[in-house]
Structure formats: structure tokens, C-alpha cells
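Sequences listed follow chains P and G, in order. For what it's worth, the working numbering labels the leading residue of the first sequence as 1, then goes sequentially. For what it's worth, the working numbering labels the leading residue of the second sequence as 1001, then goes sequentially. Structure, as C-alpha cells:
Protein chains: 2
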Amino acid sequence: MSVTTKATIASFGGKLLKLSHAATSTKCEMSFNLYLPPQAFQNPSQKIPVLLYLSGLTCTADNCSEKGFFQHGASKKGIAVLYPDTSPRGLNIPGEDEAWDFGTGAGFYIDATKAPYNNGYNMYTYITEELPKTVFQAFPQLDSSRVSITGHSMGGHGALTLFLRNPGKYKSVSAFAPISNPVNCAWGQKAFGGYFGEEQVEKWKEHDATELVRKWKGPLDVLIDVGTGDNFYKQGQLLPENFEKAAKEAGVEGVRVRYQPDYDHSYYTMATFSDDHVEHAAKYLFA
Amino acid sequence: MSVTTKATIASFGGKLLKLSHAATSTKCEMSFNLYLPPQAFQNPSQKIPVLLYLSGLTCTADNCSEKGFFQHGASKKGIAVLYPDTSPRGLNIPGEDEAWDFGTGAGFYIDATKAPYNNGYNMYTYITEELPKTVFQAFPQLDSSRVSITGHSMGGHGALTLFLRNPGKYKSVSAFAPISNPVNCAWGQKAFGGYFGEEQVEKWKEHDATELVRKWKGPLDVLIDVGTGDNFYKQGQLLPENFEKAAKEAGVEGVRVRYQPDYDHSYYTMATFSDDHVEHAAKYLFA
């Protein structure tokens, strides 16, 4: 459970910590970043809520820390930002490094059930259980009862599915360009086929936001930004319209998908709108 | 003089353009980025002022475009940001790719006089003459009479020296962690020795901000941010204290060096304070 500090970087009045720990669920040393806002250093008795940001395919904890500018909004609101990695690293599973959209950097926030990936590709358990347990033990100034979740692309899929599968666990959810209906897109089919097996259709649906929202009870205040210039959106990898439609059919109110004119799939889009997503989380974290 | 558009990226309500052109002064195709704020697309009769940002060693136009967060402030103020490259590329001068602090990526914003670098390493002429001429011809909505300058590290040296050598050319100047006294630091001595020759002491001084500020007439409202956790500052590569001392001795008022506690030499520092530097430029661009 011990955490190694690899770097401490001043950022927007707070500190960005580059950390790692030996993870049991993923059977390897996992790197992650944690942004502590200035408020975390001001009043020791004030507990700091956490925004969990899940990254997309190929990313590490560093990409969004450098380019997403969540620290800008989080520093003003007094929110810590937790940036995990996107998969186990270095498990030496044959083939895990062959594709950019499967294996290393592409854990898809599920627990794999198919060999050989069932031996360590457990990002669902890692993100929902082991990482928070580790972080809240190492940083007692953080408030484990106030956590919101967001993410980009594969991480948007992660944010939506982790939220929908665990009612009450997260105070709020938002997403950038989420893979919203993985069972119906090439990325999701490749990932779920490889991690669960081709025939495990019910298992696939358990990790599909569009399937999960059909069963949601009550309102769902989710903020989603998708750029109309996003090539992956145009290629049908994201399918936010399926998510919207499913929510509507199920009578779930509060799904706000903003189609941002010309914006693409890059961090330039996230940088532009991250303040809005921090604001969305803050509404619930400080409710 | 024609400009090639390689990409158009939506960012903070405006557009970041990735561009290139065949440059005469540097004898090669030069890439640069230009951020057009939302105001550039709103009122065709409204001329947009420009903030010229000069990058540091090893960087291209992309680093600060992605990580510096200048678009955040510039989009609010209605300022275009011009991000040039840091040297000629691909001239095939023997040795130009051997070091990260000399040759490619390290043009130092001077015109080299020593062979073989005098054949193309003319970043001073490129930045002060050819690039603006090209940009203002290609983008008539930009206001060539309102340009401010800033930069980081080697680019901070560029910003200070270009401003001090050309009174009236730029409306304002600021810098992050500038190489403030290159004749007295290892980076500067290597660069000036290689580009001008070891014996050309007077030439060296013509491109040294600390030497130039001694001759400045009148006030000088310059904003400089240096992190106290900056390893290059601690190693004596930046020497902002020499610049401050020289200005004081010469009776030049208005030099504001902010020593930012714990901040390092990275883009995390720039992202934190870029809004302040945009604000500083805006005060003069909209005076």
C-alpha cells in the first residue's frame, strides 16, 4: 500500500505529484498522478474532494496532467484531481504491445475474464477499489466520501460505466468524447472480444454505457462534450447518439450531450472545456 | 510568401492553425503555429493584435501550443498568438543535430556570422522581419502595428533581446525563466561561441539582455517569472539577478522579476502564469 513519490511539481498554486505503487489487482507497479490544489496545504482540517479523471487509449497519467488543464479549474474550486494510468504495464503477456487499441494503454476499465489477459488486466477493480484505497490511505486530507468521475474517449466510457454500475459511489459524472456504446463500435468489439471472449455478449453489455443507462433509475445529470470535428466520432467509434437515445427511451432525464462545432478528439478540446467539467463536478462535490 | 495550412484545430472558441512557409532567411521550410482568437471570426473590420511567443531549447511551435495555456487568456482578450519554431530544420550542416543546446532546436534568435552556421541560422532576421511579413500578408485581419513579445528560457532571452534591440517595435515584453545574461552562462557561451566565434565579444554583448538593458533609455515595464525550483536557474544558466542588477545600476525602472516558490522550468509553470503574461501584453496592446 505504500506510495512512491517520483516528482513533485508546482502547478496553479498546488502540487502535481507523480506517484507509483505496487498494485495487487493489476500485478505490477502502477504509475498515477495526483493534483493537490492549494487548499490542501492551507487548512489541515479541511477535507478535499476528488475528481477522478480516466484517460483514453495510448495515454498515461501524464498526458492530461500536461494538456488537459483540469488543474486550472480544480485549483480555484479546491478539488484534487486523480489521474490513473490506462492499463497494467510490463506484464509480458504475448501480444499486449502489438496494437495501440488493445493491451498496453488500452485496459478499457474492465476486469478481463479471458486468458491470458485475465492475469492482470483488471482495471475495473484497480480503479474502483485498489487505487482509491491506496490514495485515501496515503493522503488523509482527501475526502473519500466525495469523489466525482470524468474521462476522455476510452476514459469517458470508463467514467460512464463505473458511475452507472455503482450508484452512489461517485457524486457526479461527465465525459469528453466517450466511447458510449462499445458493443457496437470497432474499438469496443476488439477490446471486449479480447478481454471477455467473442461469445460473452451479456458480459459485454455489463460494461456498455448505452446498455447500462437503460436500467438507470431516476434522473442522471451527466455532461458530455463531443466535437463535431472528431474523426473518431465521425467514424462511429463514440456513438453518443445511441447513449442519448437509450436514455430517452428509458425515460432517464438529464443527459446533456453538447456537440461542439469543429472541435476534435485532442486535448485542445479538453483544455477548452475542462473548466466546465470541473464546475459540473464541483456542483455535486460541494452540494 | 505563401503559407501552407497543415491543420486547423478548434481551441478556446478560436482556431489554432498549424502552418509552414518556405523561408528565405533560414533557407528551409519553417513550421509555425498561429492562434486566432474567437474575435478574429466575429467582426471583419476589427483588427486583432498579436502576442509573439518564442520557445526554448529543443521545442517546436507545438510544445507551448499544447501545454502553455496561452490560448486561455488570449481567447478572452482577443489576442492572436504566434508560435514560431526555434531554428532552421534540415539544413544538413555537419554537427547541427549532435547537441540539444546547439544547432537544431537552438537557434538562439541571432543571425550567425561564423561558418558553417552563417548559412541559414538567421533566426533574428527570421523572427523580426520575414515571419511577421509573411504572417501579416497572409492574415490581413491581424494588426501589424500592435505586437507584443514573450518567451521561455532561450525564448525569454529572445523576447528580451529583440525588444531591447528594437525600441518601439513591440508594445510590451515579458518572459518566463529567460536566459538573461548569456555571455555569462554555459548555454550562451556555447551558442555564441558557435554562432559568432569565440573572440567576437562585442557581438555576443549585442545579444545579451543584461548588456542591452544598461543602454536602455526610459522606463521598462517587463514582467519576468522565474521558479525557485528551476534547476537551470539553480545552475546559473538564467541569471535574472544579473539583469535586475544591471537595470538598477543603469537607473532603468520597471523590471519586475517574480521568483515563484518551488516552480520549475517546465510548461506547468507557464500554464500557471500565462494568463498574467497575456494580461501584461493586453495592457499595452489595447492601450
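Even for Gly, the Cβ is constructed at its ideal location relative to N, Cα and C.
Applying the 10 Å Cβ sphere with the 16-neighbour rule, what's the burial state of residue i?
i: residue 204/P; result: buried
i: residue 1227/G; result: buried
i: residue 1219/G; result: exposed
i: residue 1211/G; result: buried
i: residue 294/P; result: Residue 294/P is absent from the model: chain P starts at 1 and stops at 287.
i: residue 182/P; result: buried
i: residue 1084/G; result: buried
i: residue 348/P; result: Chain P is shown only over 1 to 287; residue 348/P falls outside these bounds and no answer can be derived.
i: residue 1095/G; result: exposed
i: residue 23/P; result: buried
i: residue 65/P; result: buried
Give every residue of the same chain whose Cβ lies closer than 7 Å to the Cβ of residue i, excluding the five residues on either side of it in the sequence, and list them in chain order.
i: residue 1039/G; result: 1046, 1048, 1078
i: residue 1075/G; result: 1012, 1013, 1014, 1037, 1038
i: residue 135/P; result: 34, 82, 142
i: residue 1285/G; result: 1049, 1079, 1146, 1148, 1171
i: residue 259/P; result: 226, 228
Can you tell me the Cα-Cα spacing of residue i and residue j, whole angstroms?
i: residue 1178/G; j: residue 1194/G; result: 20 Å
i: residue 1237/G; j: residue 1261/G; result: 18 Å
i: residue 1265/G; j: residue 14/P; result: 16 Å
i: residue 1209/G; j: residue 1282/G; result: 23 Å
i: residue 1111/G; j: residue 185/P; result: 54 Å
i: residue 87/P; j: residue 53/P; result: 14 Å
i: residue 19/P; j: residue 132/P; result: 13 Å
i: residue 115/P; j: residue 169/P; result: 30 Å
i: residue 31/P; j: residue 16/P; result: 13 Å
i: residue 129/P; j: residue 137/P; result: 12 Å
i: residue 4/P; j: residue 21/P; result: 6 Å
i: residue 1240/G; j: residue 61/P; result: 33 Å
i: residue 1252/G; j: residue 1025/G; result: 34 Å
i: residue 72/P; j: residue 149/P; result: 17 Å
i: residue 1144/G; j: residue 1051/G; result: 11 Å
i: residue 1167/G; j: residue 1245/G; result: 21 Å
i: residue 247/P; j: residue 187/P; result: 22 Å
i: residue 7/P; j: residue 41/P; result: 17 Å
i: residue 63/P; j: residue 275/P; result: 17 Å
i: residue 1161/G; j: residue 1243/G; result: 12 Å
i: residue 1234/G; j: residue 1099/G; result: 22 Å
i: residue 196/P; j: residue 1069/G; result: 41 Å
i: residue 207/P; j: residue 278/P; result: 25 Å
i: residue 1118/G; j: residue 1192/G; result: 12 Å
i: residue 1113/G; j: residue 1287/G; result: 38 Å
So the candidates are the options; which of them puts its Cα closest to the Cα of residue i?
i: residue 10/P; options: 1272/G, 1277/G, 1093/G, 1282/G; result: 1272/G
i: residue 1249/G; options: 1115/G, 1081/G, 1213/G; result: 1213/G
i: residue 154/P; options: 44/P, 52/P, 176/P; result: 176/P
i: residue 1067/G; options: 1287/G, 1284/G, 1270/G; result: 1270/G
i: residue 90/P; options: 63/P, 121/P, 71/P; result: 121/P
i: residue 1124/G; options: 1138/G, 1113/G, 1109/G, 1118/G; result: 1109/G
i: residue 1101/G; options: 1165/G, 1245/G, 1139/G, 1190/G; result: 1190/G
i: residue 105/P; options: 64/P, 63/P, 59/P; result: 59/P
i: residue 1165/G; options: 1140/G, 1200/G, 1196/G, 1127/G; result: 1127/G
i: residue 1267/G; options: 1235/G, 1242/G, 1225/G, 1096/G; result: 1225/G
i: residue 232/P; options: 163/P, 180/P, 69/P; result: 180/P
i: residue 44/P; options: 113/P, 259/P, 217/P, 140/P; result: 140/P
Skipping 5 residues on each side, what residues in its chain have a beta carbon closer than 6 Å to that of residue i?
i: residue 1223/G; result: 1174, 1256, 1280
i: residue 56/P; result: 152, 153, 154, 155
i: residue 221/P; result: 254
i: residue 1027/G; result: 1120
i: residue 1158/G; result: 1054, 1109, 1151
i: residue 93/P; result: 116
i: residue 163/P; result: 149, 170, 173
i: residue 1029/G; result: 1020, 1022
Hey, quick one: how far does the beta strand (DSSP E) through residue i stretch, first residue to last?
i: residue 1028/G; result: 1028-1036
i: residue 152/P; result: Note, residue 152/P: premise wrong, no beta strand (DSSP E); not H, not E.
i: residue 1016/G; result: 1014-1023
i: residue 212/P; result: Segment 209-213 is the alpha helix (DSSP H) holding residue 212/P; no beta strand (DSSP E) there.
i: residue 259/P; result: 255-260
i: residue 1250/G; result: From DSSP, residue 1250/G is part of no beta strand (DSSP E); its letter is neither H nor E.
Which residue marks the beginning of the alpha helix (DSSP H) containing residue i, and which one marks its end?
i: residue 135/P; result: 131-138
i: residue 6/P; result: Residue 6/P -> not in any alpha helix (DSSP H); beta strand (DSSP E) instead, spanning 3-11.
i: residue 1278/G; result: 1267-1285
i: residue 225/P; result: Residue 225/P -> not in any alpha helix (DSSP H); beta strand (DSSP E) instead, spanning 222-227.
i: residue 1239/G; result: From DSSP, residue 1239/G is part of no alpha helix (DSSP H); its letter is neither H nor E.
i: residue 1102/G; result: Taken as a continuous stretch (DSSP letters only), residue 1102/G belongs to no alpha helix (DSSP H), as it is neither H nor E.
i: residue 191/P; result: 186-196
Output needed for residue i: all residues of its chain with C-beta closer than 8 Å, excluding positions within five of it in sequence on either side, in chain order.
i: residue 230/P; result: 177, 238, 263, 264, 265, 269
i: residue 198/P; result: none
Residue i touches chain A at which residues, Cβ-Cβ below 8 Å?
i: residue 1264/G; result: Going by chain labels, chain A is absent from the structure shown, which instead holds the protein chains P and G.
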